[in-house]
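See below for the structure under consideration.
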Amino acid sequence: MGHDTDEQALHYPFTVPAALEPPAEWATLRRECPVARVTLPSGDAASLVTRYDDVKKVLADPRFNRPMPANEGARVSEDESGGVFNSDMAATIPQSGEGHLLWRRLLNRWFTVKRMNALRPEIEAMADRLVDEMVGHGQPADLKAAFAFPLPVWVICTMLGVPDSDRQDFARWSDALLSMTRYTQEEIGAAQAEFVAYMGGHVAAKRAEPGDDILSELITSTDAEGTAMPDGVLVATGMALLVAGHETTANMIAKMVAVLLADRSRWESLLADRALVRPAVEEALRTDVNAGFGMLRYLDEDFEVGGAVLPAGTTVVCSMAAANRDDAAFERAGEVDLARSPNPHLSFGAGAHSCLGQALARTELQVALDVLLRRLPGLRPAGPADGLRPVEGLLVGGLRELPVAW
């Protein structure tokens, strides 16, 4: 099952029929072919899992890491580095064992719920300023460009101690590193070199003059043996946090608002009961149809999943977005239920590699929604829903713009 010849393999990722509609393939595969053979943009083959239990089982298994050039896993993109998942940047950060645990432990101190709650008033003040600016420029406005993008960029720049005036460069570098098909090998290589040079200079400056930011703390932290984090890892960590910290959350803020405005009763119910903000954020995460590529895992031993034994050497694509719509895991999985509880979605992954920044992402999404409800209760789409255009050619999914009026 799912091990057809490559001629029959599906091309992955699938295209969404409309910006807020799931690909038809998800339901078909969950029902008929839970382990499906797919061809990635690079032309390499992989196995796609789409059922909730199967995705969770693969992601939570501590034995498996991302495909790397060293383990000859499938490459996502056709360029030589194989995209950000297979890049030198990813390889520099310890991906398993004690090294990975230590790396996460050092970073986790910065991403605790307690620290996020302390940061909340600052995020709220910034969100208010962005609404002021957007309203000042008049309507209609592009909520993504005016609000959803600058908010998380400002937050992650503040946490890293880098000037958010450089955010246009960060956006360009991030897009290049997240490219599947949008940029050429030369463009990706140039962007990566610029980004490495920028972050290297930033690490050197923090080493000379530490501040109250993540990189300064990582520079001065040591492991149990008293070993400090090498510069290469510090640079890669700064780059990874910048890419992950703004691209995914910026897209998610816009997608969340689009889903809530697509049915006016959803927005009205949130206006009537602000206690729904937290579960509404979780439901927006769960029902996200345009979440991006999913997570890759490289099997270095045989593994049984979804009724199939996948041989060692297989690259598995875990579609968390497809799993989040599995009727076996969620009642009325295809419906948006703003009060859904519990909501054990897999949007942040599972196990040892689950998203480091999930407390930050949740905080940003909750604050963004709270501020928009308070400041712009009459918020509405400024164009037809079928006019929304999905982001294409990148590993992360999103909307290119979100026209709104108020």
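Per the working numbering: the sequence shown = residues 1190 to 1595. Quick reminder that beta carbons are idealized off the backbone N, C-alpha and C, glycines included.
Looking at the DSSP output, Phe1492 shares a beta bridge with Leu1499. Using a C-beta cut-off of 8 Å, the region 1468–1486 makes contact with the region 1521–1530, since at least three inter-stretch Cβ pairs fall below that distance.
If you draw a straight line from the Cα of Met1418 to the Cα of Ile1408, it is about 7 Å long. Each of Leu1549, Glu1457, Pro1570, Ala1365 was checked against the Cα of Arg1304, and the nearest Cα belongs to Leu1549.
When the Cα atoms are used, Pro1341 and Phe1300 turn out to be separated by approximately 14 Å. Annotation for Ala1518: Tyr1241 place their beta carbon closer than 6 Å to its own, counting only its chain and skipping 5 residues before and after.
Distances from the CA of Phe1253 to each of Arg1294, Ala1571, Leu1562, Ala1541 were compared; the closest alpha carbon is that of Ala1541. Counting the other CB atoms within 10 Å of its CB gives Gly1325 a total below 16, which places it among the exposed residues. The bridge partners DSSP lists for Leu1237 are Ala1225, Val1506.
The three-state secondary structure of Leu1584, taken from DSSP, is coil. Two segments are said to touch when three or more pairs of C-beta atoms, one from each, lie closer than 8 Å; by this definition the region 1229–1248 touches the region 1484–1499. The alpha carbon of Ile1377 has as its nearest neighbour, out of Leu1366, Ala1386, Phe1384, Tyr1387, the alpha carbon of Leu1366.
The beta carbon of Gly1262 is closer than 6 Å to those of Pro1256, Tyr1487, Thr1504 in its chain, skipping five residues each way along the sequence. About 6 Å separates the Cβ atoms of Asn1479 and Val1205, confirming a contact at the 8 Å cut-off. The DSSP-derived three-state label of Asn1254 is strand. Looking at the backbone, the Cα of Trp1292 and that of Pro1211 are separated by about 35 Å.
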